[in-house]
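Presented below is the structure to which this report refers.
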Amino acid sequence: MIKGRSLIEPDNFNLEETDDLFVLAEKIETDGQYLRESCRGKLLATLFFEPSTRTRLSFEAAMLRLGGSCLGFADPGSSSAAKGESLADTVRMAASYADAIVMRSPKEGAALLASHYSPVPVINAGDGGHHHPTQTLTDLLTIRRLRGDIKNLTVGFCGDLKFGRTVHSLAKALARYEKISLIFVSPEELVIPEYIAHYLQKNNVEFRETRSLEEAMPQLDVLYMTRVQRERFFNEEDYIRLKDTYVLNKERMTLGKNNLVVLHPLPRVNEIAVEVDSDPRAAYFKQAKYGMYVRMALLASILGE
Ligand code: NCD
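Now the structure itself:
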């Protein structure tokens with residue numbers, strides 16, 4: 001049972017609990033009326049101290065589709081954070097109005113800290129370059145829907161593996177599934193953090209690192225492309241030098257398997273050419289839609305009747 005619980009990192013829910021969410025999300029996808037009233041009378045606070053389109057909108061859409069309501073802010077400049085209010089105080093205040101809090105912050109550990117002060121569940125919608133567990137639920141549900149199961153897969157991660165929180169969360173989460181092997185494709189400066197590599201080693205997950213997308217491409221069942229995370233760089237020159245290291249285009253797609261699934265948490269900048277969108281293996285827009293179903297399943301399970 002995940003009722004009343006917070007979600008800060010993917011492994012806060014065990015495999016069975018995560019699986020239950022996918023089953024629920026699939027039911028919601030096939031039956032538009034399912035759980036339509038489960039959050040009636042409930043209020044969700046969305047506190048976004050960092051920009052977001054999909055995550056915030058999909059949480060709000062999910063809550064509204066469950067019969068609930070939302071309040072919050074999308075711009076910290078319009079909240080009392082701009083006056084110097086501490087996160088602890090903002091969260092305690094929001095918790096006195098709402099039944100659950102979804103928050104995004106540029107600071108690693110912010111959601112965990114918030115959960116210590118909040119009497120209501122806190123859902124981490126991204127804490128700096130650390131984790132993004134509901135994107136991971138989205139990614140796993142998409143893989144499950146498009147591949148039938150989450151096992152026996154070679155998954156490639158390409159781009160900014162250092163700062164990409166969606167990569168950190170998904171790599172850790174995949175470690176719990178059977179026969180998963182990972183290939184990390186990044187420039188030297190943006191390799192996967194040591195703590196993730198260590199976690200994978202400890203859990204006996206097969207993985208390797210490469211600089212070449214072309215070399216990795218033929219082996220992949222899933223390719224997870226990511227944006228170079230400009231806002232986490234210390235200087236603009238490094239960003240400009242690294243931003244276009246990998247661009248997935250039609251030509252590179254010819255190196256991939258016929259049943260490859262290409263994912264991207266979005267927003268994309270240049271790393272996937274628009275010409276790839278019409279390839280049946282491009283699944284990133286479907287993925288965004290699964291994000292809403294899985295967030296409905298999550299909110300209904302945490303908050304619903
Ligand atoms: C991601 C994020 O915020 O980490 N976006 C999202 O939530 N879909 C990825 C990104 O911003 O690059």
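Mapping the sequence shown onto my numbering, position 26 (from 1) lands on 26, and the numbers just tick up by one. C-beta atoms are modelled at their ideal positions from N, C-alpha and C, and glycine is treated no differently. Every value quoted in this text rests on a predicted model; they were computed, and no experiment measured them.
Nonlocal neighbours in the same chain, by C-beta distance under 6 Å from residue i, ignoring five residues either side
i      : result
Leu141 : Phe22, Ala25, Tyr290, Val294
Leu137 : Val294
Ala88  : Tyr117
Check: residue i C-beta below 7 Å from any heavy atom of the ligand NCD
i      : result
Leu266 : yes
His132 : yes
Gly72  : no
Ser52  : yes
Gly126 : yes
Arg227 : yes
Thr55  : yes
Arg165 : yes
Gln287 : no
Gln33  : no
Gln219 : no
Gln135 : yes
Chain-order list of residues whose beta-carbon lies under 7 Å from that of residue i (same chain, five-residue window excluded)
i      : result
Ile143 : Ile150, Val222, Val261
Arg227 : Gly159, Asp160, Pro267, Arg268, Val269, Glu271
Ala297 : Leu21, Leu24, Ala25, Ile28
Residues near residue i by beta carbon distance below 8 Å, same chain, minus five either side
i      : result
Cys70  : Leu43, Leu44, Ala45, Thr46, Phe59, Glu60, Met63, Leu64
Pro187 : Arg211, Leu242, Thr245
Thr250 : The sequence shown places Lys at residue 250, rather than the Thr named in the question. Correct list, in chain order: Ala273, Glu275, Val276, Asp279.
Leu255 : Glu214, Met217, Pro218
For residue i, three-class secondary structure by DSSP
i      : result
Ile8   : coil
Leu44  : strand
Tyr117 : helix
Phe22  : helix
Glu271 : coil
Val262 : strand
Phe73  : strand
Thr53  : coil
Ser181 : strand
Phe306 : Residue 306 lies beyond the residue range present for the chain, which begins at 1 and ends at 305; the question has no answer from this structure.
Asp139 : helix
Status (buried if at least 16 other CB within 10 Å, exposed otherwise) for residue i
i      : result
His116 : exposed
Thr134 : buried
Pro280 : exposed
Lys202 : exposed
Lys162 : buried
Tyr195 : exposed
Arg56  : buried
Phe285 : exposed
Kindly provide the ranges of any alpha helix (DSSP H) runs that are 4 or more residues long and lie completely inside the segment 191-272, ordered along the chain. 194-202, 213-216, 236-242, 250-253
Fully enclosed by the segment 279-303, which alpha helix (DSSP H) runs are 4 residues long or longer? 284-303
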